[in-house]
Structure formats: C-alpha cells, structure tokens
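The structure appears right after this line, and notes come after that.
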Amino acid sequence: MTPFVTIQNLTKRYPPRNGKGEGILAVKNLSLTIERGEIFSLLGPNGAGKTTTINMMSGLLEPTSGEVIIGGYAITKNPLAVKKLIGVVPQEIALYPELSARANLEFFGKLQGLRGEELAKRCDEVLEFIGLRDRQRERIETFSGGMKRRVNIAVGLLHKPSLVFMDEPTVGVDPQSRRNILEAVKQLNQQGMTVLYTTHYMEEAQELSDRVGIMDHGELIACGKQIDLIQQTKVRDAIVLKFLPEQVAQAQSILRDLPFITDLECEGDLGEKLRILSDHGRQALPHIIRALDDHNLIPSAIQIVEPNLEMVFLQLTGRALRD
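Below, the structure is given as structure tokens:
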C-alpha cells in the first residue's frame, strides 16, 4: 500500500543574515512515510526542526531541496491540491480576538472555499465537536486558553481534511482542556483522519501515537513504533530512590562512584528522588542498596520504572523533551 505521506530528502537551509557563510541548516535530508489513518508524533528538543518540517509539509515554507508528497500530490508541483487535503493547527493562537468564535470560523471557512449552507453546517459541526456551540457568539478575547486552543483546532477541521497537522496543540492549557484535546485527537483518528502531532509532553506522544519520529539538530534520528524503538535502543529499567532532602547530596556522591551507573538525575518537587539508569537495569538494585547501606543510607521508597519512550528520547538526544 502506498503511504499517504512521503517525505523525500527534505532540506531547509536559511540564508545567513549578513550574507556571509552557509546560513542555518534547519532540516537535513529528512525522509519518512506516514500511513493513512495513523497518528504520527514528531518529537524533538527545541530547535530540532519540527515546526520547520511542518511548515514545509503544509506549503507555508519552500524547501531548499527534497519533496513532500501527500495523497499522491507533490507539494512543490500541486500545492493547491495538497492544501485541500490538509488542515493546520499552529502553535500560535491564529484567531481574531475581537470576533466571536463563530465569526472566526466563518471567516476562515470562506478562505478555505466554503460558502452558504455548507459553511453554516460545517461551523455547527466543528463547534459541536469542540464542545463550544453554546459559546459560539462570545468573543475570543473572553475565552480561556483552553477554549481558544479548541477553536484553533476547529479552524483546521472546517474543510474536512484527510490529514491534520497539530503543532503543540496543548501548550499552556489546564489539565482538563488538555484531556479534552487529546480525546478530540483520538476521535478524529477513529473517524479515519491522519494526524501528524508534535508535543513537548512525552505522555501525550505515548498515549496517542501509532508511530513516533525523533528529530535532533534537523535530522530524523529514529522512527518507528514505541515498542520497536525501546528494543532498538536497548534502554533498561530505571530505578527511582526516595530520600530525605538532606540525604540526597550524599546519596548522589556515593552513587556517582559506581561504575555500572550510566545516568543519575534528581527529580521530585523537592529534588528528594534520584532516578538511576544502569547498563544492568533492575539487576543493579542490590548493589546500589549495598553501597548506600555501607554509608548508613537507606532510601524511604524504591520504584522500578519500565522502559518507555521518554527513556528512548533521553538516550538518543541526551536531553529531556522539554529542554
């Protein structure tokens, strides 16, 4: 089966500001495919090239080289055909604050070619979908951040796209709004829509994704199902130990000297927990406890964390997703 989206050697180099040098290489020879009907999450630290990639895929930014093919149409040769197939939900709230939710939808719907009864029907449908039909006549400037995000999503859905780009759609929203947005993404996917999703919240990617691509420094460094990425990178269990706050520094000093520990980080509200990574996974725990006991240190709690996408990301990039 032919993939719904094919990206071939996509590259974007921005020219130097002073006219000298080679400029900034934001995306380098990126190639991947997205199947029809899947949720594909594109992850990477800040500056990895995710938004630049989405902007090229949606026709907002011209590639330096390479090609994007969506639904059989090349974006550089048939941009109008591609734009009929895609919806874009940008990071920024792209709405007119002084207009009502419905007026915003009507305006953007007309830009997408909708008119008359069809426009009215689609406005009704997307307002119902995002749960704001009873607030449709209120101005955007009176809405909460989560409500604005939901209207932002509705704009991208008006023309019934086959593929929707969602670039960090839950930034700055409260937990309830985030949950509403995630459930909306799932519902869209159940209706057959293909979703390209970016986020700085690893738990969202873990919950939503059929497959994941990880970018760093403009390159795609890993791509696949979560379980396959865990197996390929051979990440091990993490051990989390909890101490009294005044014991943490001593525990760190002891554990850093153990040769089999590969990473050691503080976490918790008070920095009272130590997350430990080791080549031996959970088998390292008896040796860790013995080393601490030799210095009369006993953790108040012990947790074994199974390998997950966040561990894969940290191992591949050396950074947490939100760094």
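Each residue of the sequence shown is one higher than the one before, counting from 1 in full-length UniProt numbering. Built from N, CA and C at the ideal position, the CB exists for glycine as well. It should be emphasised that the depicted structure is a prediction, and the values quoted were computed from it without experimental measurement.
### Task
Would you identify the three-state DSSP class for G224, choosing helix, strand or coil?
Here residue 224 refers to the residue found at position 224 of the sequence shown. DSSP places G224 in strand when its eight states are reduced to three.
### Task
Pair every Cβ in the region 76-86 with every Cβ in the region 160-167, then say whether three or more of these pairs are closer than 8 Å.
yes
### Query
In chain order, which beta strand (DSSP E) runs of at least 3 residues are fully inside the region 9-85?
24-34, 39-43 and 65-70
### Message
Helix, strand or coil for L241? Go by DSSP, reduced to three states.
### Response
Here residue 241 is taken as the residue at index 241 of the sequence shown, counted from 1. Under the three-state reduction of DSSP output, L241 falls in the strand class.
### Task
Determine the DSSP secondary structure at E265, reduced to helix, strand or coil.
Counting from 1 along the sequence shown, the entry for residue 265 is found at position 265. Here DSSP, grouped into helix, strand and coil, assigns E265 to strand.
#### Entry: Residue range of the unbroken beta strand (DSSP E) whose run includes L196
On the sequence shown, residue 196 is found 196 positions in, with the first residue counted as 1. That run of the beta strand (DSSP E) goes T194 to T198.
### Query
Where does the unbroken beta strand (DSSP E) through G213 begin, and where does it stop?
Working through the sequence shown from its first residue, we reach residue 213 at position 213. First-last of the beta strand (DSSP E) with G213: R211 to D216.
### Message
Less than 8 Å between C-beta atoms, sequence neighbours within five positions excluded: which residues of the same chain meet that for Q247?
### Response
Counting from one through the sequence shown, the residue named residue 247 turns up at place 247. Excluding positions up to five away in sequence, the list reads L297.
### Task
Put residue 329 into one of helix, strand or coil per three-state DSSP.
Residue 329 lies beyond the residue range present for the chain, which begins at 1 and ends at 323; the question has no answer from this structure.
### Message
If I measure Cβ to Cβ from V41 and keep anything under 6 Å in the same chain, skipping five residues before and after, which residues do I get?
### Response
Taking the first residue of the sequence shown as 1, we reach residue 41 at position 41. Strictly speaking, residue 41 in this sequence is Ser, with Val absent from that position. Correct list, in chain order: Y197, A205, S209 and V212.
### Query
Between the C-alpha atoms of S300 and Q176, what's the straight-line distance to the nearest angstrom?
Residue 300 sits at position 300 when you count from the first residue of the sequence shown. Residue 176 sits at position 176 when you count from the first residue of the sequence shown. Straight-line Cα distance between these residues: approximately 33 Å.
### Sequence-distant residues of its chain with Cβ nearer than 6 Å to V68 (five each side left out)
Here the question's residue 68 lines up with position 68 in the sequence shown. Short of 6 Å from the beta carbon of V68, and not among the five residues preceding or following it, lie these beta carbons of its own chain, in chain order: I7, M57 and I75.
### Task
Starting from R133, trace the alpha helix (DSSP H) both ways and give me its first and last residue.
One-based indexing of the sequence shown puts residue 133 at position 133. It is not in any alpha helix (DSSP H) - R133 carries neither H nor E in the DSSP assignment.
### Range covered by the alpha helix (DSSP H) that runs through F108
Residue 108 sits at position 108 when you count from the first residue of the sequence shown. Here the alpha helix (DSSP H) through F108 covers A101 to L111.
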